[in-house]
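Report on one structure; see the data block that follows.
Chains as they are written, first to last, in our numbering: chain A, 1 to 227; chain B, 228 to 922.
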């Protein structure tokens, strides 16, 4: 799941300043799960912004709210069309993808990001999320006991541990477990310690061109044009 | 306080959005009274509304408040946690404090068909009440000088004061019910000849069963029903010093306790089984023991002889065998164990059957009870209906009231030539609480109303007193509100974020094997925490609280008068106001507008913000703190207020203007509130001065 954080109120207030009618759009998927941009937060943000402009005496915006099921799919975004006909700007509480999806769909409208997208993560406990995947495009979890050194090692090295490991902790943060010690322990438990001997060549970043695009041929209908 | 809501509109709101299940107490009640609802209203101190709910389901709540055998309390799932809610005593509180005796039901005659009711026991009176309410002319015929049937002649006055029945009689008369006492109906044909179109026979079961032993007809032996009737109608029979009572039911215990009150010094109950099998109400048994009554278990009289003005009662010892089909262990005599005991009088109370005049010409069955069709309640004679003890054999007051109410419906069906409709019941909660749920529920001791000490009970004055305000509310707050809990209203919009599962103090929500989040209705205890936490806002209570929708309305009115600094207070209706913890509030210095909430945990962060947008000087949230009957409430509201304070700071509002007050041993909420008002006044003054200085 994608984890994000709401931007400070002042920053949002600065962004929306030039516009009058603002539609705050939530996303019913990841942003709802991390309680940053679901139905509840959208309503709350509109109240918080109303309060802010009331006290600052800049009372000129009107806020409208809506939440779509998933902002990263144009079909869902399309459903906003009617609401947007009378709007000056969209404030999206979706992740960075959501913001762009709306912007692509409605090219005449300014779309503003209400959140800072942080990482792909998992829930540690209620209200706590940890990064677990960097979307590097080359998954080696098979050989690392299901523990990702790219995200969980400060240096993100593939041939670890480095010399900075101390009593199982990382030199960069004594409270953080050394990912490579964890990998070692886990491989030992799995009786696959030989896998730690695997050496990874320095990665060739040349073929990794941005923006990435993935085509799933099973779904892709050839012949249709994709811009 | 401008929050008094129109009760009628509330009822509408409830009905339209009520998706709740029937709680176990309501299932167990023969009248299916909305117990959860009125207990909840008592818990909020809304006694008049509680009484209204009670009166909706019960024609004579004052009677049940005194003598109901409360099967609801046996079914109450709080009993699994500590002990059941004292439902009957709470009803009595609502009846007394809500002013039940002042209520008059309006009626008018809409139909011309007259209905005769033979017998004025609870079934007869209930039937009369509902028929009259529907608009039929009703006449009740009663053999004795006073109405009430078994309530009048069978239940001792120390349990049910006579004035309770007199009030109900008066109320029925004012409703236009014709009550004819001292009339023995000998023939139903006569009633039909007099123009009655339907007859409800409810003559009760007043005929005591015989022990069928030698010497039973001796002077000094009296049956329980006759004995209690004599005493209740004002006689004071002389029983002598030593009295024996045969039997183990409520009549036996009532007779024994009555004998004590008539001055008998030694009263022995002779019962052939043991305490476990005794059918009498266990509270009554305890009270009898407190009053010095002795119970001889596993004993049965076999012969009575009269010698020198005394009764020699020959008894035999009994032993218990296997349980029979009804689950009760059978008693059988031990050969050769006979022994003699000397008594001045002996009261036999081993059961009662109905006794019908033979001229009624209606079919009877086992135990001389009247046979009726279970759906239509008709006897073998057209137009003749029957109910109450006369049909069921000796049963409870509530069962009789229920029979009377049903009979009224069926008689209406009969008179209007309608097919009897079967009422659709709500789905019911039938499962017990799970062990995993119980461990997370806060234990709270049951509070019983005070009872006169045994030494002061020796007259026929009522022994049970009424709760004081605070005790009643605290007792009612223990209710677990079964069946009205949270529901995910749209699985489609559910992001499966598991916030509900992680927030719930009782660990009720679960992921089912298909990976769908569910909140089992039979376990949820309606605390409402998940409702205000759900990021997608798709959880709601099956029976939502009525106040919360009102926030906007209150704020709208607030804006109009906000030239005068105003403080909004969200206060828990259950504790902080219900129990009067904040009663000094009205003497407070500031102009305060209260928004009552049903637990502060149900306050939305948005509503706090909304108050500040409306321009209030301050907002305080007053919760029950350590007296709260639920879990996690203070922690969750603190989290929300922290969030709001952060937003206030960013908006340039001093966060001092938002305060939480939680009641506790060392915290006097009234003082805290005064302090808050002081802080706000000081703040506003400083701001005014600095504005002045700038200009």
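Glycine included, each C-beta is placed from N, C-alpha and C at the ideal position.
Within-8 Å CB hit, residue i to chain A
i             : result
residue 845/B : no
residue 915/B : no
residue 713/B : no
residue 764/B : yes
residue 246/B : no
residue 878/B : yes
residue 789/B : With a pLDDT of 48 at residue 789/B, under the threshold of 50, the modelled position of this residue cannot be trusted, and the question is left open.
residue 840/B : yes
residue 795/B : no
residue 874/B : yes
Same chain, Cβ closer than 7 Å to residue i, five either side skipped, listed in chain order
i             : result
residue 63/A  : 22, 24, 46, 49, 50
residue 320/B : 269, 693, 694, 699
residue 863/B : 756, 828
Any C-beta of chain B under 8 Å from that of residue i
i             : result
residue 33/A  : yes
residue 113/A : no
residue 6/A   : no
residue 50/A  : yes
residue 60/A  : no
residue 41/A  : yes
residue 55/A  : yes
residue 44/A  : yes
residue 71/A  : no
residue 47/A  : yes
residue 198/A : no
Same chain, Cβ closer than 8 Å to residue i, neighbours up to 5 away in sequence not counted
i             : result
residue 870/B : 832
residue 364/B : 336, 338, 339, 340, 341, 342, 403, 405
residue 910/B : 881, 883, 884
residue 567/B : 539, 540, 541, 542
residue 260/A : Any answer about residue 260/A is impossible in this case: the structure gives chain A only from 1 up to 227.
residue 938/B : For residue 938/B there is no data in the structure shown, the boundaries of chain B being 228 and 922.
Distance, residue j Cα to residue i Cα
i             : j             : result
residue 254/B : residue 71/A  : 47 Å
residue 402/B : residue 824/B : 39 Å
residue 228/B : residue 887/B : Bear in mind that a pLDDT of 32 at residue 228/B, under 50, signals an unreliable position, so the number given afterwards is only what the model happens to contain. Whole-angstrom Cα-Cα distance: 20 Å.
residue 260/B : residue 3/A   : 50 Å
residue 179/A : residue 148/A : 8 Å
residue 452/B : residue 609/B : 32 Å
residue 508/B : residue 301/B : 12 Å
residue 847/B : residue 247/B : 32 Å
residue 921/B : residue 914/B : 11 Å
residue 234/B : residue 489/B : Confidence in residue 234/B is poor, its pLDDT being 39 and thus under 50, which makes the residue's placement unreliable; the coordinate value appears in the next sentence. Rounded to whole angstroms, residue 234/B to residue 489/B spans 48 Å at the Cα level.
residue 56/A  : residue 782/B : 21 Å
residue 708/B : residue 771/B : 12 Å
residue 732/B : residue 749/B : 16 Å
residue 284/B : residue 258/B : 7 Å
residue 859/B : residue 383/B : 47 Å
residue 923/B : residue 696/B : Only positions 228 to 922 of chain B appear in the structure, and residue 923/B is not among them; the question remains open.
Same chain, Cβ closer than 6 Å to residue i, five either side skipped, listed in chain order
i             : result
residue 361/B : 639
residue 618/B : 596, 597, 599
Quiz item: How do the stretch 473 to 492 of chain B and the stretch 550 to 561 of chain B stand: do at least 3 beta-carbon pairs fall below 8 Å, yes or no?
Solution: no
Quiz prompt | the stretch 9 to 38 of chain A: positions lying closer than 7 Å to chain B by Cβ | solution = 9, 10, 28, 29, 32, 33, 35, 38
Quiz item: How do the stretch 535 to 550 of chain B and the stretch 575 to 584 of chain B stand: do at least 3 beta-carbon pairs fall below 8 Å, yes or no?
Solution: no
Quiz item: Are the stretch 294 to 311 of chain B and the stretch 661 to 679 of chain B touching, with three or more C-beta to C-beta distances below 8 Å?
Solution: yes
Quiz item: So does the stretch 713 to 721 of chain B actually touch the stretch 755 to 763 of chain B, counting three or more Cβ pairs closer than 8 Å?
Solution: yes
Quiz item: Do the stretch 673 to 687 of chain B and the stretch 622 to 632 of chain B make contact, defined as three or more Cβ pairs closer than 8 Å?
Solution: no
Quiz item: Can you list, in chain order, the residues of the stretch 845 to 868 of chain B whose Cβ is nearer than 7 Å to any Cβ on chain A?
Solution: none
Quiz item: Would you say the stretch 901 to 909 of chain B touches the stretch 874 to 892 of chain B, given that touching needs at least three Cβ pairs under 8 Å?
Solution: yes
Quiz item: Counting Cβ pairs, one atom from each stretch, are 3 or more of them under 8 Å apart for the stretch 587 to 596 of chain B and the stretch 604 to 620 of chain B?
Solution: yes
Practice problem: Anything in the stretch 721 to 732 of chain B with a Cβ closer than 8 Å to a Cβ of chain A? List those residues in chain order, please. | Solution: 722, 723, 724, 725, 726, 729, 730
Quiz prompt | Interfacial residues, the stretch 595 to 625 of chain B to chain A, with Cβ spacing under 7 Å | solution = none
Quiz item: According to a CB-to-CB cut-off of less than 8 Å, which residues of the stretch 820 to 838 of chain B neighbour chain A?
Solution: 832, 833, 836, 837
Self-check item: Interface residues of the stretch 743 to 771 of chain B facing chain A [CB-CB below 8 Å]
Solution: 761, 762, 763, 764, 765
Quiz prompt | Validate contact between the stretch 155 to 165 of chain A and the stretch 29 to 47 of chain A using beta carbons, cut 8 Å, 3 pairs | solution = no
Quiz prompt | At least three beta-carbon pairs within less than 8 Å, the stretch 138 to 147 of chain A to the stretch 735 to 749 of chain B | solution = no
Quiz item: Is the stretch 724 to 738 of chain B touching the stretch 3 to 20 of chain A, taking contact as three or more C-beta pairs under 8 Å?
Solution: no
Exercise. Kindly confirm or deny that the stretch 118 to 132 of chain A and the stretch 164 to 175 of chain A touch, where touching means at least three C-beta pairs closer than 8 Å.
Key: no
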